[in-house]
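Chemist: Pasting in a structure now, in structure tokens, and then I'll have a few things to ask.
2 protein chains.
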Amino acid sequence: MSSLAEVSRLAGVSVSTASRVLTGSSHPISEKTRQRVIAVAQQLGYSPSALARALVSRSSQLIGVLVSDIVNPYFSVIARGVDDIASRAGYATMLSNVDRRTSTEIARVQTMRDYRAAGVIFAGSGYVDDPQTPDLLKAVRQAQEQGMHAVSLTDRDIGCPVITPDNRAAAYDITDHLISLGHRRIAFIDGPAGMVASQQRRDGFLACMSDADLAGGAECHPGGFDYEAGHAVAMRLIARRPLPDAILAANDEAAVGALNALRQAHIDVPGEVSVAGIDDLRVAQFVGLTTVSLPLYELGAMAARYIINTPPDTDADPPPTTILSHRLIPRETTARRA
Amino acid sequence: MSSLAEVSRLAGVSVSTASRVLTGSSHPISEKTRQRVIAVAQQLGYSPSALARALVSRSSQLIGVLVSDIVNPYFSVIARGVDDIASRAGYATMLSNVDRRTSTEIARVQTMRDYRAAGVIFAGSGYVDDPQTPDLLKAVRQAQEQGMHAVSLTDRDIGCPVITPDNRAAAYDITDHLISLGHRRIAFIDGPAGMVASQQRRDGFLACMSDADLAGGAECHPGGFDYEAGHAVAMRLIARRPLPDAILAANDEAAVGALNALRQAHIDVPGEVSVAGIDDLRVAQFVGLTTVSLPLYELGAMAARYIINTPPDTDADPPPTTILSHRLIPRETTARRA
DNA sequence: TTGTAAGCGTTATCAT
DNA sequence: ATGATAACGCTTACAA
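Protein chains in written order, with the UniProt record's numbering: chain E, 1 to 338; chain D, 1 to 338.
Structure follows, in structure tokens:
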């Protein structure tokens, strides 16, 4: 690895001059030395140490993304959005799986801090009444004091800007769609207990049902965000009969689980029961699932842009909340009630 | 951000002493000073600068993973394997999407080098006769000379150890399974043209067919690794009739595409046609797809372990190749021929 | 057992 | 227009 010192020596100039040339500083430099330095650097294959740079500038070109689990497509799409913007701007992406553990999030924020990351992005939802939130908030504040940015992609009170879809409205809208199709008795498969995102989606569902005077037809079942949860709830529904008019799952994966349970039981979807989800992941297209498209990629991209473009210590004081819009995507798993 | 200097000052010792205490050096230290330093550090919330550390040690605790696209579950599972091992060992994961572009891989290796990463993992397959491979090889060599490790998760001649599944054997085995079920005319949906992994899988298919004296019943169709490709090929097969006995896709996603095309055309799977894939991603479980399970998570985990545990410049000279085993997973999309 | 000082590779402040 | 030199925060000989 050739260093600046090496380049400057071969070019017969001081390190400062070499630095000025190579960083494209506005400092005046004679054309001949500029050429010479560039030539030597080029020929040596010189590439500046991001570490040394970050050490003096007190900030690296790293952006951290904290996801629950990168295998979950919800998060990998977000991560893709982040990395696309980051790499385009010369930044690199640091990824960390936190498995929904707040304590792990706290630890990772510290890691990002140790590398003087330009910012951290919290992609996962928090828990209702999480006793560790204050600690996370403190960790975030310390990171910010050090000049780091933080962004949350879900509604979370951790002292940083929030860029998020409106989970409640998304659930409300898809519920409304189901109702407009003539469905009256709708079963909702809840997300993981205690998660803020689960709660918001359920709230949206219930609000819509009661706005339509259908509160009596609404039933919530403890579920989860995974295939198995959706499958299990649907199995129970099937065993219990009569079936509801429609089943809405808190996310696409659970909806697909429910859908498969129904199909395995030879129940016609959407003939006998309509099924819908929320997220619009790729799998939803595969199975023709009616759902709500959330701007996941854009969420990650916007967060990255924010981090890259906001100068340190410039963050607005009450951290702003940005709501990105969603879109209803009707497909083949829903139909007008017979 | 408190620094070592600060800690040492408050503890009334020199920075070296503080450093020795905090790094757990074997250098003898009196118990009282040790306690004092630890207390101060603790109370100050001191956390060492990973940057400064990396700068002097000439190596950071960062592991880079180069994937084609993190949204593709094939890669996100690998990335998860890497990050699990990495974070457990105190390392952080740097992720980069390269969209199968060798030039981007080269650029990213340089980025990892700039951060003095402990190692880079190439998760994606290369191309047959890729003119840029020599450049990549050179970039890898330079990285290695600098003390970085490199690992490829596919069969690739870029001067680094390879840890990979046996694509050819995997395809061979699943083909053999299809044949053992009585299928004679089998259509193979190829992966992306020019990719080594595509070629290996097709080779395995063809080899098995010809070993079974069924070369005449083998037909390969240009396809891809995505849903759309599988869907399109199946549509063409359907339009053309008669249908083959079975369809094997180069990977699960294409297989699911084919499966859906068949189902949409009301063709009974596995009644009329059997369908199988390769990879065993989560979606394969969802749809009950017969496939071959590849140790993707383990691939990432092993690569990370290798990077973490192999001391610099200790790499074996002809870089070793490690083949991890696969497993046939029969599910509901295949059945004995009618 | 503790401290001093050099050095890792940059950038930035002053001089010249 | 160019060059010393002091940080940045840490580890590690080398001294004491």
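Glycine residues also receive a C-beta, built at the ideal position from the N, C-alpha and C atoms.
Give me the chain E residues within the contact set of residue 83 of chain D, using Cβ-Cβ distance strictly less than 9 Å, ordered along the chain.
Modeler: 70, 95, 96 and 97
Chemist: Determine whether the Cβ of residue 172 of chain D lies closer than 9 Å to any Cβ atom of chain E.
Modeler: For residue 172 of chain D, the nearest beta carbon of chain E is not closer than 9 Å to its own beta carbon.
Chemist: Candidates D:296, D:308 and D:2: which alpha carbon is nearest residue 153 of chain D's?
Modeler: Relative to the Cα of residue 153 of chain D, the nearest Cα in the group D:296, D:308 and D:2 belongs to D:296.
Chemist: Roughly how far, in whole angstroms, is the beta-carbon of residue 90 of chain E from the beta-carbon of residue 61 of chain E, given that I think they are within contact range, below 8 Å?
Modeler: 6 Å
Chemist: Taking 9 Å as the CB-CB limit, is residue 286 of chain D close to chain E?
Modeler: yes
Chemist: Would you kindly check if the distance between the Cβ of residue 7 of chain D and the Cβ of residue 37 of chain D is under 9 Å?
Modeler: yes
Chemist: Check whether chain D comes within 9 Å of residue 42 of chain E, counting only Cβ atoms and requiring the distance to be less than that.
Modeler: no
Chemist: To which residues does DSSP link residue 188 of chain D through a beta bridge?
Modeler: D:220 and D:248
Chemist: In chain order, which continuous runs of the beta strand (DSSP E) of length 3 or greater are located wholly inside the region 225 to 302 of chain E?
Modeler: 246 to 249, 274 to 276 and 291 to 293
Chemist: Report the option in D:138, D:102, D:136 and D:92 whose CA atom is closest to the CA atom of residue 117 of chain D.
Modeler: D:92
Chemist: Quick one: which chain D residues come within Cβ less than 9 Å of residue 227 of chain E?
Modeler: 282, 285 and 286
Chemist: Along the region 240 to 264 of chain D, where does the CB come closer than 7 Å to a CB of chain E? Name the residues.
Modeler: 256 and 260
Chemist: Just the chain D side, please: which residues come within less than 8 Å of residue 136 of chain E by C-beta, in chain order?
Modeler: In chain D, no part has a C-beta under 8 Å from the C-beta of residue 136 of chain E; the shortest such distance is about 15 Å.
Chemist: Short of 8 Å Cβ to Cβ, which residues in the region 113 to 133 of chain E face chain D?
Modeler: 113, 114, 115 and 116
Chemist: Taking only beta-carbon atoms, is residue 7 of chain D less than 9 Å away from chain E?
Modeler: no
Chemist: Using a Cβ cut-off of 9 Å, which residues of the region 269 to 280 of chain D contact any Cβ in chain E, in chain order?
Modeler: none
Chemist: Check for me: the beta strand (DSSP E) holding residue 193 of chain E runs from which residue to which?
Modeler: From DSSP, residue 193 of chain E is part of no beta strand (DSSP E); its letter is neither H nor E.
Chemist: Could you tell me the boundaries of the alpha helix (DSSP H) in which residue 112 of chain E lies?
Modeler: Per DSSP, residue 112 of chain E belongs to the alpha helix (DSSP H) from 102 to 114.
Chemist: According to DSSP, is residue 66 of chain E part of a helix, a strand, or is it coil?
Modeler: Correct three-state label for residue 66 of chain E: strand.
Chemist: Consult DSSP for residue 342 of chain D and reduce its assignment to one of helix, strand or coil.
Modeler: A question about residue 342 of chain D goes unanswered here, because the residues of chain D that appear run from 1 up to 338.
Chemist: Could you list the residues in the region 143 to 160 of chain E with a C-beta less than 7 Å from some C-beta on chain D, going in chain order?
Modeler: 146
Chemist: Looking only at its chain, what residues have a beta carbon closer than 6 Å to the beta carbon of residue 69 of chain E, apart from the 5 residues adjacent to it on each side?
Modeler: 97
Chemist: Does residue 73 of chain E get closer than 9 Å to chain D when you measure Cβ to Cβ?
Modeler: Yes, contact with chain D.
Chemist: Can you grab the Cα-Cα spacing for the pair residue 135 of chain D / residue 248 of chain E, in whole Å?
Modeler: 52 Å
Chemist: If you measure beta-carbon to beta-carbon, which residues of the UniProt domain "HTH lacI-type" (2 to 57) of chain D are closer than 9 Å to chain E?
Modeler: 45, 47, 48, 49, 50, 51, 52, 53, 54 and 55
Chemist: I believe residue 208 of chain D touches residue 245 of chain D by the beta-carbon criterion, under 8 Å. Please report the beta-carbon distance rounded to the nearest angstrom.
Modeler: Not confirmed; about 14 Å, so no contact.
Chemist: Check whether chain D comes within 9 Å of residue 202 of chain E, counting only Cβ atoms and requiring the distance to be less than that.
Modeler: Using beta-carbon distances, residue 202 of chain E does not count as an interface residue toward chain D, since no partner is under 9 Å.
Chemist: Leaving out five residues on either side along the sequence, give the residues of the same chain with a beta carbon under 6 Å from the beta carbon of residue 17 of chain E.
Modeler: none
Chemist: Classify residue 340 of chain E as helix, strand or coil using the three-state DSSP reduction.
Modeler: Summary: the structure shown does not reach residue 340 of chain E, with chain E confined to residues 1 through 338, and so no result is reported for it.
Chemist: Hey, how far is the Cα of residue 20 of chain D from the Cα of residue 114 of chain E?
Modeler: 19 Å
Chemist: Cutting at 7 Å between CB atoms, please list the residues of its own chain near residue 217 of chain E, excluding the five before and the five after it.
Modeler: Counting only Cβ-Cβ distances below 7 Å, and skipping sequence neighbours, we find 184, 185, 186 and 209.
Chemist: Assuming residue 79 of chain E is part of the alpha helix (DSSP H), what are its boundary residues?
Modeler: From DSSP, the alpha helix (DSSP H) with residue 79 of chain E extends over 73 to 88.
Chemist: Beta-carbon within less than 8 Å of residue 4 of chain D's beta-carbon, same chain only, minus the 5 sequence neighbours each way: which residues are those?
Modeler: 15, 18, 19, 22, 46 and 48
Chemist: Between the region 294 to 309 of chain E and the region 249 to 261 of chain E, do three or more beta carbon pairs fall short of 8 Å?
Modeler: no
Chemist: Note down, in chain order, every chain D residue with its Cβ under 9 Å from the Cβ of residue 77 of chain E.
Modeler: From the beta-carbon of residue 77 of chain E, the residues of chain D found nearer than 9 Å are 70 and 71.
Chemist: Let me know the alpha helix (DSSP H) ranges lying completely inside the UniProt domain "HTH lacI-type" (2 to 57) of chain E, each 4 residues or longer, listed in chain order.
Modeler: 4 to 11, 15 to 23, 31 to 44 and 50 to 57
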